[in-house]
DNA sequence: CTCCATGCAAAAATTTTGCATCGAG
DNA sequence: CTCGATGCAAAATTTTTGCATGGAG
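Residue numbers (the working numbering), protein chains in the order written: chain A, 72 to 217; chain B, 72 to 217.
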């Protein structure tokens, strides 16, 4: 992996925390930094392992709690709305999904127009693309009214 | 929820099992059916709960093992390549991702061209769309050579 | 007989919770 | 002093594994 970068400087993080009414602590800076400074979207476990180098007494539970706090306040986005459990798909042709961010229902979206996306050159050059799938993050009708 | 549908008839399932060299058992039919007959992409737990009605002695472990077998043989696709754990994203503007299906590394893809997808009418009409994200399933360079 | 799918129980791994403490304001 | 963030330990949940059994070919 290349060297760590920082997409958002600390000051920016602090500013966003304050805007969200969150206190800024060394742990939080470290956690945010581990995420923002790493393009690989590390898991809480991975964040924990990395952070322990500089914060040997931090608890894994703190990492979980903090990341959850961040996401509830919009400082980070949840990349895996369905992570709670594996999900499988019987439709093996390429297609897409709507995921209700609230109730986590998943609905198929089959639309030929969506299958004609031109792969970015960077993606095509650097990897072997097996396929792609678009996740529409939505509020379904029933969650919308509530 | 509407009534269950069956996207792939049993005969088709049997044919595909045979093609993959898998034996066909009542449990497997039931499991496949629970997935294929349900548009909501149920979790293994949910499949288990549903199947117990007709197969009271089935074990949850069997459901996990079977779904894993199915996906390794291409009978179903893995909808959640990152499910093992939550992942967060510090980049809160809309963007996309490459996910290596083997090592699970996630890399950002920022490309304005990808942000101009026309939302399918069905999606726009039925829900409030908060955003979307394209997941490119790829083999990264290092996994590709191995 | 051999092989593999199954069920069961145990183990492992992951995530959440309760609670006491600490520190900033 | 008060409140929220933290660390620790325990609990809960989810997933995997080992092993004995049983049926199909």
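We put the CB at the ideal spot given by N, CA and C, even for glycine.
Practice task
Taking only the alpha-carbon atoms, compute the straight-line gap between residue 191 of chain A and residue 141 of chain A and give it to the nearest angstrom.
Solution key: 30 Å
Problem - 8 Å Cβ cutoff, residue 88 of chain A in contact with chain B - result: no
Exercise for the section: Would you list, in sequence order, the uninterrupted alpha helix (DSSP H) runs of no fewer than 4 residues that lie entirely inside the region 103-167 of chain A? Expected result: 115-122 and 131-143
Practice task
For residue 210 of chain B, name the three-state secondary structure that DSSP assigns.
Solution key: strand
Exercise for the section: Drop a sphere of 10 angstroms on the beta-carbon of residue 148 of chain B, count the other beta-carbons inside from all chains shown, and report buried for 16 or more, exposed for fewer. Expected result: buried
Problem - Sheet register partners of residue 204 of chain A (DSSP bridge) - result: B:206
Handout entry: Cβ shell of residue 215 of chain B (< 8 Å), same chain only, five flanking positions each side left out
Key = none
Practice task
Thinking residue 198 of chain B and residue 211 of chain A are a contact (beta carbons under 8 Å), I'd like their distance in whole angstroms, please.
Solution key: 5 Å
Problem - Own chain residues within Cβ distance below 6 Å of residue 207 of chain B, not counting five before or after - result: 169
Practice task
Measure the alpha-carbon distance for residue 73 of chain A versus residue 82 of chain B and round it to whole angstroms.
Solution key: With a pLDDT of 39 at residue 73 of chain A, under the threshold of 50, the modelled position of this residue cannot be trusted; read the value that follows with caution. Going from the Cα of residue 73 of chain A to the Cα of residue 82 of chain B covers about 50 Å.
Practice task
Could you name the residues that DSSP lists as bridge partners for residue 170 of chain A?
Solution key: A:177 and A:208
Exercise for the section: Please list the partners that residue 119 of chain B has in chain A, where partner means a Cβ-to-Cβ separation under 8 Å. Expected result: Going along chain A, no residue has its Cβ under 8 Å from residue 119 of chain B, so there is no contact; the nearest lies around 11 Å.
Practice task
Report the rounded CA-to-CA distance for residue 188 of chain A versus residue 113 of chain A, giving the unit in angstroms.
Solution key: 28 Å
Exercise for the section: Note down the Cα distance separating residue 103 of chain B from residue 151 of chain B, rounded to an integer number of angstroms. Expected result: 17 Å
Exercise for the section: Throw me the rounded Cβ distance for the residue 144 of chain B and residue 105 of chain B pair, which I believe falls under 8 Å. Expected result: Contact flag wrong, Cβ pair sits at about 18 Å.
Practice task
Show which residues of chain A have a CB atom less than 7 Å away from the CB atom of residue 106 of chain B.
Solution key: 159 and 161
Problem - Residue burial classification, residue 171 of chain A (beta-carbon count within 10 angstroms, cutoff 16) - result: buried
Practice task
Compute the beta-carbon to beta-carbon distance between residue 178 of chain B and residue 110 of chain A, rounded to the nearest angstrom, for a pair I have assumed lies under 8 Å.
Solution key: 6 Å
Handout entry: 7 Å Cβ cut-off: residues of chain A touching residue 199 of chain B
Key = 209, 210 and 215
Exercise for the section: Closer than 8 Å by C-beta to residue 128 of chain B: which residues in its own chain qualify, once you throw out the five before and the five after it? Chain order, please. Expected result: none
Practice task
Could you spell out where the alpha helix (DSSP H) holding residue 197 of chain A opens and where it closes?
Solution key: 192-197
Practice task
Just confirm the distance between the C-beta atoms of residue 124 of chain A and residue 159 of chain B, as a whole number of angstroms; I'd bet it's less than 8 Å.
Solution key: Contact doesn't hold; Cβ gap of about 20 Å is too wide.
Practice task
Answer yes or no: does any C-beta atom of chain B fall closer than 8 Å to that of residue 80 of chain A?
Solution key: no
Practice task
Would you mind sorting residue 99 of chain A into buried or exposed? The rule is 16 or more other CB atoms within 10 Å of its CB.
Solution key: buried
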